[in-house]
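Worksheet: one structure, shown below.
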Amino acid sequence: MPRSLARPWLAHVFILLILSVAAAWAVNVNRPEPLPWWADFMQQKSEKAVQAGIAILTPVEALDALKAGTHQFIDARDPDEFATGHIPNALNISADSLALGQADISSLAKDRPLIVYCGSTSCDKSDELAKALKSLGFTNISVMPEGFEGWQAANGPVEAAHSPAEPHSPADAAPHGPASAEVPNNPVEAK
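Under my numbering, the first residue of the sequence shown carries the number 1, and numbering increases by one thereafter.
Written as C-alpha cells, this is what we have:
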C-alpha cells in the first residue's frame with residue numbers, strides 16, 4: 001500500500017480514539033456517581049460497607065474470629081470458585097441465590113456474627129450479600145474487603161469443597177463456640 005493511502009487511515013483511527021476518550025470523559029463527569037479513573041478498590045469497598053452500616057474486618061481479624069469460633073463465614077463467590085477452596089466451615093451463599101429465594105438461611109441466627117467475603121478487593125459480591133442479609137434482619141455483619149485472596153495472603157487455613165454427598169449449606173452449619181475453635185492446618189502451608 002502506498003504511504004499516501006496509509007496516512008489518512010491512521011489519522012482517522014487517531015481522531016476516533018481522541019473522540020472516544022473525550023466522549024467517555026464527558027459521560028463520566030456528568031454521572032451522579034462518576035467512576036474513578038484510577039480505582040482504589042479497597043477504599044471504595046470499605047466506604048460502601050461503612051455507609052451501609054456494615055463493619056469491616058481485615059484477614060488477620062477474621063482469622064482471630066475463626067480461631068475463637070465466634071463468627072459464621074459466608075462465601076459470596078460462585079459455587080465453582082467456592083469448590084476450589086474456601087475458609088473452613090464457610091457457607092456458600094450468593095446474593096443472587098438469596099434474592100431468588102434459593103438460599104436456605106433458616107438455620108442462621110439473625111444475631112450471630114457473620115463475616116461475608118468474596119474473591120478480592122475488586123469483587124462486589126460480598127457487599128451485595130451483606131446488604132441483602134442486613135435487609136433480612138441480620139444484625140451483626142462484617143465484610144472482609146480483601147476477600148479470599150487476602151485470606152490466603154494472610155496464611156489463613158483453606159478447606160476444599162465438600163463432595164456432593166456432603167453438601168455445605170446453612171442447614172449443615174453447626175454453631176461454632178470456643179469448644180469447637182480448632183482450626184485445621186492450611187494445606188498450602190503443609191506442602
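The beta-carbon is built from N, C-alpha and C at its ideal position, and this holds for glycine as well.
- Distance from ALA76 to ALA103 at the Cβ level is roughly 11 Å; contact not present, criterion being Cβ atoms closer than 8 Å.
- The beta-carbon separation of SER142 and ILE18, rounded to 46 Å, does not stay under the 8 Å limit for a contact.
- Residue environment: ALA99 is assigned as exposed (fewer than 16 neighbouring CB atoms within 10 Å of its CB, all protein chains considered).
- Checking the DSSP bridge columns, you'll see VAL143 partnered with ILE56, VAL116.
- Here PHE73 is bridged, per DSSP, to ILE115.
- Taking all protein chains in view, the Cβ of LEU136 is surrounded by fewer than 16 other Cβ atoms within 10 Å, so the residue is classified as exposed.
- A straight line joining the alpha-carbon of ILE74 with that of ASP64 spans about 16 Å.
- For ASN155, the secondary structure class from DSSP, reduced to helix, strand or coil, is coil.
- Here HIS71 is actually not in contact with GLU159; their C-beta atoms are around 15 Å apart, not less than 8 Å.
- In the three-state scheme derived from DSSP, where H, G and I count as helix and E and B as strand, LEU16 is classed as helix.
- From the listed residues LYS131, ASN30, ASN89, PHE148, the smallest Cα separation to GLN51 is found for LYS131.
- Secondary structure of LEU91 (DSSP, three-state): strand.
- By a beta-carbon distance limit of 8 Å, GLU81 contacts GLY119. Their separation comes to about 6 Å.
- Contact annotation, ALA153 with PRO59: C-beta distance approximately 7 Å; criterion of less than 8 Å satisfied.
- If you draw a straight line from the Cα of ASN30 to the Cα of PRO8, it is about 33 Å long.
- Taking C-beta atoms under 8 Å as the contact rule, ALA49 and ASP127 qualify, at a distance of about 6 Å.
- For the pair LEU133 and GLU47, the Cα-to-Cα distance works out to about 18 Å.
- Contact annotation, PRO157 with THR121: C-beta distance approximately 21 Å; criterion of less than 8 Å not satisfied.
- If you check the CB distance, GLY69 and TYR117 do not come in under 8 Å.
- DSSP places LEU100 in no alpha helix (DSSP H); its state is neither H nor E.
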